[in-house]
Amino acid sequence: QSKAALSSAALPHISPACPPRCRFKISKIIVVGDLSVGKTCLINRFCKDTFDKNYKATIGVDFEMERFEVLGVPFSLQLWDTAGQERFKCIASTYYRGAQAIVIVFDVNDVGSLEHTRQWLADALKENDPSNVILFLVGSKKDLSTPAQYSLMEKDALKVAQEMQAEYWAVSSLTGESQRGGEMQIPHQPARGALRGSLPPVGQGRTCGISSSEWRR
1 QSKAALSSAA
11 LPHISPACPP
21 RCRFKISKII
31 VVGDLSVGKT
41 CLINRFCKDT
51 FDKNYKATIG
61 VDFEMERFEV
71 LGVPFSLQLW
81 DTAGQERFKC
91 IASTYYRGAQ
101 AIVIVFDVND
111 VGSLEHTRQW
121 LADALKENDP
131 SNVILFLVGS
141 KKDLSTPAQY
151 SLMEKDALKV
161 AQEMQAEYWA
171 VSSLTGESQR
181 GGEMQIPHQP
191 ARGALRGSLP
201 PVGQGRTCGI
211 SSSEWRR
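Position 27 (the sequence shown) corresponds to 27 in UniProt numbering; numbering is contiguous.
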């Protein structure tokens, strides 16, 4: 699960001779949000179960790939980590197209980053059909917030999530709090839709109906 380079060689190759059952179904998830809200740390915690204190801002776009099975069907999950800096927006937006899920990340200690999530979502939806993507609003760095501070932010975050018709999760990439429960929903939802032949409408399907025992890496 090393970090893949942005080239066609980095994408999964499927041999024509490979039987349909063994071919990986690809789920593409784009992760967007302001600079330094914790997008890369969120992805690293899920894919590698690690937290790196030596933060380096993402330049342009990067991605991690995770492979797993749901009900015996192999999936290849692409998590696209986009830069939050304004000067890289044009580059990042070219990779938005074809997403099955959009994860909009904000810092629960920064109300401005929550306010900006609406624009990040609007930009991502320009390249995708709103009826065919699943939305997640994720509040990061929960470990840095006191219960009282988080309670106030949570009310605003829930309003934004309802407005977006998105699932809302608050997580800490440092401690892993809520991480596994929240993140596991992300690969399951596109996988579930692919197994059924179509994705559920945005804002519906609050639970995926696939238990943790039915998927494995």
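Think of the CB as a built atom: it goes at the ideal place given N, C-alpha and C, for glycine as much as any other residue.
| Asked | Found |
| --- | --- |
| Alpha carbon of Asp34 to alpha carbon of Thr40, nearest angstrom | 12 Å |
| Ile43 beta carbon less than 8 Å from that of Ile102 | no |
| Cα-Cα separation between Leu158 and Gly98, rounded to whole angstroms | 27 Å |
| Nearest to Ser36 (by Cα), restricted to the options Gln78, Ile104, Leu121 | Ile104 |
| Contact check, Leu142 vs Ala170, beta carbons under 8 Å | It should be noted that the sequence gives Lys, not Leu, for residue 142. Yes, they are a contact pair. |
| Coil, strand or helix - Ser131 by DSSP | helix |
| Range of the contiguous alpha helix (DSSP H) that encloses Tyr150 | 147-164 |
| Gly38, DSSP secondary structure in three states | coil |
| Ala101, enclosing beta strand (DSSP E) - first and last residue | 101-107 |
| Cβ contact check for the region 152-166 and the region 127-139: 3 or more pairs under 8 Å | yes |
| Best match in Lys28, Arg45, Thr94 for proximity to Ser140 [C-alpha to C-alpha] | Arg45 |
| 8 Å contact criterion, which Glu69 and Phe63 should meet: CB distance rounded | That belief does not hold up - the Cβ atoms of Glu69 and Phe63 are roughly 20 Å apart, past 8 Å. |
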